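In order, the protein sequences belong to chains A and B. Numbered per my numbering, the first sequence spans residues 1 to 115. Numbered per my numbering, the second sequence spans residues 1 to 113.
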Amino acid sequence: GAVVSQHPSRVICKSGTSVKIECRSLDFQATTMFWYRQFPKQSLMLMATSNEGSKATYEQGVEKDKFLINHASLTLSTLTVTSAHPEDSSFYICSAMVAGRTEAFFGQGTRLTVV
Amino acid sequence: AQSVTQPDIHITVSEGASLELRCNYSYGATPYLFWYVQSPGQGLQLLLKYFSGDTLVQGIKGFEAEFKRSQSSFNLRKPSVHWSDAAEYFCARITGGGNKLTFGTGTQLKVEL
């Protein structure tokens, strides 16, 4: 099956710093990637949809200047949490889809802790 | 808005017992429906999906789900649960354009030995 690799799996950063999370499709080209946020014991909330070579589409209430998404190639999308604060601490998960297929493949997730 | 509801937040079953996790979807054309499983601190793994055709769908790990339009349901079942099935289960559907997934709130499955 298709593999999506997300890195890092865990990261701790200080308030005010920025953190970059990478999402790679290892054995397929992902025309669309999605970024989700998951609070403890809650469901996944879609943050944004990113298509290769174009600007990401953010869901309502998600600050685009705080959560920078780049999808520079068909195998890599990055999420940068800028000027992180403790309330940004969460589990972030990416998923990737192939054009023409209605199935998402998920990364392992990144546990971000801002101290 | 098109949504997905999982009425049960927690379910506990004994190992070897049968399992049914409920999922209901709101109004819409025939939805694209999915069941995912998430182990603690991990991403999501697809168990099965329904797009059209046979309403009884077989998935991995011995799971199956049945699409019932009359009840707007897509319940997940397994005849005999194993301790390793303990995890969080999410029902999801495609909503709107762009293949966005909308997830239910999840059901935490605990398996008693």
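Using N, Cα and C, we set each Cβ at its ideal position, and we do this for glycine too. Keep in mind it's a predicted model, so treat the numbers as computed, not measured.
message: Run through the DSSP bridge pairs and tell me what I12/A is partnered with.
response: Answer by DSSP bridge pairing, in chain order: T113/A.
query: Can we say the region 21 to 30 of chain A touches the region 4 to 12 of chain B, given the rule of at least three CB pairs closer than 8 Å?
result: Result no; under three Cβ-Cβ pairs closer than 8 Å.
message: Please report the straight-line C-alpha distance between T5/B and M47/A, rounded to a whole angstrom.
response: Using only the alpha carbons, I get a separation of about 20 Å.
query: When you compare only the Cα positions, how much space is there between Y25/B and Y50/B?
result: Each residue's Cα considered, the two are about 13 Å apart.
query: Which residue's Cα is closest to the Cα of I60/B: F103/B, D85/B, D54/B?
result: Measuring from the Cα of I60/B, the nearest candidate turns out to be D85/B.
- request: Reducing DSSP to helix, strand and coil, say where Q45/B ends up.
  value: Reduced to three states, the DSSP call for Q45/B is strand.
- prompt: Of the residues that make up the region 80 to 114 of chain A, which ones have a beta carbon closer than 7 Å to any beta carbon in chain B?
  reply: Here the close residues are I93, M97, T102, E103, A104, F106, G107, Q108, G109, R111.
- prompt: Which residues of chain B have a Cβ atom closer than 9 Å to the Cβ of L46/A, listed in chain order?
  reply: Within 9 Å Cβ-Cβ: K100, L101, T102, F103.
query: Under the three-state reduction of DSSP, which class applies to I9/B: helix, strand or coil?
result: Coil.
query: When the cut-off is 8 Å and only beta carbons count, does T49/A lie next to chain B?
result: The beta carbon of T49/A falls within 8 Å of a beta carbon belonging to chain B, placing the residue at that interface.
message: As a quick exercise: from N99/B, T102/B, G16/B, pick the residue whose alpha carbon is nearest that of P79/B.
response: Out of N99/B, T102/B, G16/B, G16/B has the C-alpha closest to the C-alpha of P79/B.
field: the region 84 to 95 of chain A contacting the region 65 to 77 of chain B, beta-carbon criterion three pairs below 8 Å
entry: Below 8 Å, too few C-beta pairs join the region 84 to 95 of chain A and the region 65 to 77 of chain B to call them touching: fewer than three.
query: What are the residues that DSSP puts in a beta bridge with F91/A?
result: Bridge partners of F91/A: Q38/A, R111/A.
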